[in-house]
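Worksheet: one structure, shown below.
Protein chains: 2
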Amino acid sequence: MRAVCVIGLGLIGGSVLRAATAAGRPGWGATAGADDAVRAGDDGYEVTGIEDALRRAATEDALIVIATPVTAVRDVLRKIAWHAPEARLTDVISVKDAVDAEVRSLLPGARYAGGHPMAGTASSGWAAGGADLFRGSPWAVAVEEGTTLDAWRDAAALALDCGAHVVAVSAAEHDSAVARISHLPHVFANILAAVGADGGPLALSLAAGSFRDSTRVAASEPELVRAMTEGNRVALLDAVDDALGRLGAARGSLASSGALKTTVDGGHAARGELDRLSDGEWTRSTVPLRGDRDLRKLRDLGARGGRVTALTEKAAEVELPATE
Amino acid sequence: MRAVCVIGLGLIGGSVLRAATAAGRPGWGATAGADDAVRAGDDGYEVTGIEDALRRAATEDALIVIATPVTAVRDVLRKIAWHAPEARLTDVISVKDAVDAEVRSLLPGARYAGGHPMAGTASSGWAAGGADLFRGSPWAVAVEEGTTLDAWRDAAALALDCGAHVVAVSAAEHDSAVARISHLPHVFANILAAVGADGGPLALSLAAGSFRDSTRVAASEPELVRAMTEGNRVALLDAVDDALGRLGAARGSLASSGALKTTVDGGHAARGELDRLSDGEWTRSTVPLRGDRDLRKLRDLGARGGRVTALTEKAAEVELPATE
Numbered sequence: 001m002r003a004v005c006v007i008g009l010g011l012i013g014g015s016v017l018r019a020a021t022a023a024g025r026p027g028w029g030a031t032a033g034a035d036d037a038v039r040a041g042d043d044g045y046e047v048t049g050i051e052d053a054l055r056r057a058a059t060e061d062a063l064i065v066i067a068t069p070v071t072a073v074r075d076v077l078r079k080i081a082w083h084a085p086e087a088r089l090t091d092v093i094s095v096k097d098a099v100d101a102e103v104r105s106l107l108p109g110a111r112y113a114g115g116h117p118m119a120g121t122a123s124s125g126w127a128a129g130g131a132d133l134f135r136g137s138p139w140a141v142a143v144e145e146g147t148t149l150d151a152w153r154d155a156a157a158l159a160l161d162c163g164a165h166v167v168a169v170s171a172a173e174h175d176s177a178v179a180r181i182s183h184l185p186h187v188f189a190n191i192l193a194a195v196g197a198d199g200g201p202l203a204l205s206l207a208a209g210s211f212r213d214s215t216r217v218a219a220s221e222p223e224l225v226r227a228m229t230e231g232n233r234v235a236l237l238d239a240v241d242d243a244l245g246r247l248g249a250a251r252g253s254l255a256s257s258g259a260l261k262t263t264v265d266g267g268h269a270a271r272g273e274l275d276r277l278s279d280g281e282w283t284r285s286t287v288p289l290r291g292d293r294d295l296r297k298l299r300d301l302g303a304r305g306g307r308v309t310a311l312t313e314k315a316a317e318v319e320l321p322a323t324e
Numbered sequence: 001m002r003a004v005c006v007i008g009l010g011l012i013g014g015s016v017l018r019a020a021t022a023a024g025r026p027g028w029g030a031t032a033g034a035d036d037a038v039r040a041g042d043d044g045y046e047v048t049g050i051e052d053a054l055r056r057a058a059t060e061d062a063l064i065v066i067a068t069p070v071t072a073v074r075d076v077l078r079k080i081a082w083h084a085p086e087a088r089l090t091d092v093i094s095v096k097d098a099v100d101a102e103v104r105s106l107l108p109g110a111r112y113a114g115g116h117p118m119a120g121t122a123s124s125g126w127a128a129g130g131a132d133l134f135r136g137s138p139w140a141v142a143v144e145e146g147t148t149l150d151a152w153r154d155a156a157a158l159a160l161d162c163g164a165h166v167v168a169v170s171a172a173e174h175d176s177a178v179a180r181i182s183h184l185p186h187v188f189a190n191i192l193a194a195v196g197a198d199g200g201p202l203a204l205s206l207a208a209g210s211f212r213d214s215t216r217v218a219a220s221e222p223e224l225v226r227a228m229t230e231g232n233r234v235a236l237l238d239a240v241d242d243a244l245g246r247l248g249a250a251r252g253s254l255a256s257s258g259a260l261k262t263t264v265d266g267g268h269a270a271r272g273e274l275d276r277l278s279d280g281e282w283t284r285s286t287v288p289l290r291g292d293r294d295l296r297k298l299r300d301l302g303a304r305g306g307r308v309t310a311l312t313e314k315a316a317e318v319e320l321p322a323t324e
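Protein chains in written order, with the UniProt record's numbering: chain L, 1 to 324; chain U, 1 to 324.
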């Protein structure tokens, strides 16, 4: 099994290192966070300086996993270019188009496919992570024009070893989707929390489960939320505009006719789609993987809600929603 | 202990009947929902026609609890006016100003104080309820100009017997607060679900915990959500306008400077206030209750985030946030 070298040992990177080594891979890491480095070392993991970690990755042909905030990516890529210019490389950052462009520009020799595990908590840092964080979760692995089967397989195999299932997706489609289902929910949670707190201590003292649930992610580290949402600006603006249009329409309808039928019925039906998708039946099949072009089949499958659940030498085991 | 007569045996009414009888009170109920009536009867509770239930309430001087959707309140009040015009009366409906006005108009002889338990699930009906639904939750009990200590104590004692703590509040302040911490979260959940589903099966297949949590209440019965939100139109419009302003400002900042600092920092601080309030220390004291005017002290305490945790013959045990 291929070794992993994880750069950044916060919630996500720390969980990747734990999950990958728990699955039997050799693994080591480096981090700019002094606390995370000490804690990871105390927990028995190998933590070195970033240069040493990267040199060792080059020597052992390990998969380098970038798990820093998006704002630190350029700096890390420059270091990789120096120590491991043809590295096997993936990342676990929540925007894909911008990272992909940076890698092409700074590290053209890398064997790269971007990744994004769709799991997390409102807490951050090594101590908040765990080997089971990704179990049963989706993990996007990007298929771009130049993505090779070899590089994609490296990233996808890591995701599967961590207990996730893999959704093949283009970087742009990924960014547009996560703007809607991850970044906009963060913006909404922050706005709801503020509107609630504007109601003073009385409003907060009456807050029940619905308010707690819908503002939970507002407890996340502001720096990380900003890096994530601001880093996906174009796609997020699109999602915010969609939300503004819908909220304005709800306001207009409530003010004029007093009715919220369109909003409530539409939201209920949409949430029903989500539940049907996650609780429903799946149709299984096998997609042969003979060359880079076969990745397009997996990407088409991802666009239809499908996912990869296992990889063999020559094929991917896949599932599609049976209702599809 | 005073008997309770619960009209409406859905999630909330069914849970009130279970909790009140579990606390040792005599109790019976009536409901227009045939399914709920059968299930409650099967579970060993006394369910009769509404006329019989109300006549018995008049005979035994029971506390009548209206637990129907807000749209059915007028009809129920007319029946009470016929069978128990001087009833001890409360309700568990999520808007208070409108219900208060209906009671004054249709049932001027009632000994009424409105209530609203801040607990629930996305499911509805008798089967979804339980005796523990209200344990540890806030339960608003309204203090209006004409509210008597006797009537308020009846409603508050029921809340305490159900395991809740009591927040004394004016009907208008209540409606404004719940618009922010309950009704707007419902609107937001519906809009988020719709924006997510607009991303197609790919977006839904990538949805993780943050999306599930923030759209959870969109799974609620649409009729109930509409009754609740549309029934609090004026206060909800105010909260929606606040949210529209904040979302528009976030959009503008993201588009012009690329930053979401104000939104993210503000939301994080607001969520912190909520956590400090619920996890923090409380200062305990006793408020003597000698007459109707003493209810104002409890209402002032509620406006500062305080709550009533027990009632004795002559006093209320209260708690205030120690940070206050």
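Here a beta-carbon is modelled for each residue, glycine too, at the ideal position from N, C-alpha and C. Here the structure is a predicted model, which is why all the values come from computation and not from measurement.
- Message: Counting only beta-carbon separations shorter than 8 Å, does L:Ser-205 have a partner in chain U?
- Response: yes
- Cβ-Cβ separation, U:Val-65 to U:Val-16 (assumed contact under 8 Å), whole Å: Their Cβ separation, rounded to whole angstroms, is 6 Å, which keeps U:Val-16 and U:Val-65 in contact under 8 Å.
- Who are the Cβ neighbours of U:Glu-144 in its own chain at under 7 Å, not counting the five residues just before and after it? Asp-100, Ser-170, Ala-171
- Query: Where does U:Leu-277 sit, in a helix, a strand or coil, going by DSSP?
  - Reply: Reduced to three states, the DSSP call for U:Leu-277 is helix.
- Message: I believe L:Ala-243 touches U:Leu-254 by the beta-carbon criterion, under 8 Å. Please report the beta-carbon distance rounded to the nearest angstrom.
- Response: 12 Å between Cβ atoms; not a contact.
- Return helix, strand or coil for L:Glu-317, following the three-state DSSP convention. Three-state DSSP puts L:Glu-317 in a strand.
- Rounded C-alpha distance that separates U:Gly-29 from U:Ala-179: 29 Å
- Hey, is U:His-268's beta-carbon within less than 8 Å of any beta-carbon in chain L? yes
- Any C-beta of chain L sitting closer than 8 Å to the C-beta of U:Ile-181? Yes, because at least one Cβ of chain L sits closer than 8 Å to the Cβ of U:Ile-181.
- Excluding the 5 residues preceding and the 5 following L:Arg-55 in the sequence, name in chain order all residues of the same chain whose CB lies nearer than 6 Å to its CB. His-83
- Item | C-beta contact flag for L:Leu-9 and L:Trp-126 at 8 Å | yes
- Message: Measuring only the C-alpha atoms, how far is L:Thr-71 from L:Ala-227?
- Response: 6 Å
- Does any CB atom of chain L fall closer than 8 Å to the CB of U:Met-118? At least one chain L Cβ lies under 8 Å of U:Met-118.
- Message: For a test of the three-state rule: what should DSSP assign to U:Pro-108, helix, strand or coil?
- Response: coil
- Item | Where L:Arg-296 meets chain U, residues with beta-carbon distance less than 9 Å | Under the 9 Å cutoff, chain U gives no residues; its nearest Cβ is about 15 Å from L:Arg-296.
- Task: Kindly say whether L:Phe-188, judged by its beta-carbon, lies nearer than 8 Å to any beta-carbon of chain U.
- Result: yes
- Query: Using a C-beta to C-beta distance shorter than 7 Å, which residues of chain L count as neighbours of U:Asp-265?
  - Reply: Pro-222
- Message: Assess contact between the region 267-275 of chain L and the region 214-224 of chain L, defined as three or more Cβ pairs (one per stretch) separated by less than 8 Å. Is contact present?
- Response: no
- Message: For a contact defined as C-beta to C-beta under 8 Å, what are the partners of L:Gly-302 on chain U?
- Response: Leu-202, Ser-205
- Task: Kindly list, in the order they appear in chain L, the residues whose Cβ is closer than 7 Å to that of U:Lys-261.
- Result: From the beta-carbon of U:Lys-261, the residues of chain L found nearer than 7 Å are Arg-226.
- Could you tell me whether the Cβ of U:Ser-176 comes closer than 8 Å to any Cβ of chain L? Yes, U:Ser-176 counts as interfacial toward chain L.
- Cβ of U:Val-92 within 8 Å of any chain L Cβ: no
- Whether L:Val-141 touches L:Arg-307 by CB criterion (8 Å): no
- Contact list for U:Phe-134 against chain L, beta-carbon separation under 8 Å: What U:Phe-134 touches in chain L: nothing, since even the nearest Cβ is about 10 Å away.
- Taking the Cβ atom as the reference point for each residue, do U:Ala-20 and U:Arg-88 lie within a distance shorter than 8 Å? no
- Message: What ranges does the alpha helix (DSSP H) occupy inside the region 30-110 of chain U, keeping only unbroken runs of at least 4 residues that lie completely in it?
- Response: 34-42, 50-60, 73-83, 97-106
- Message: Looking at chain L, is there any beta carbon in it that lies within less than 8 Å of the beta carbon of U:Glu-273?
- Response: yes
- Query: Using the beta-carbon count (16 or more within 10 Å), is L:Ala-197 buried or exposed?
  - Reply: L:Ala-197 should be labelled buried.
- Message: Is the beta carbon of L:Leu-11 closer than 8 Å to that of L:Ala-128?
- Response: Yes, Cβ-Cβ distance for L:Ala-128 and L:Leu-11 is below 8 Å.
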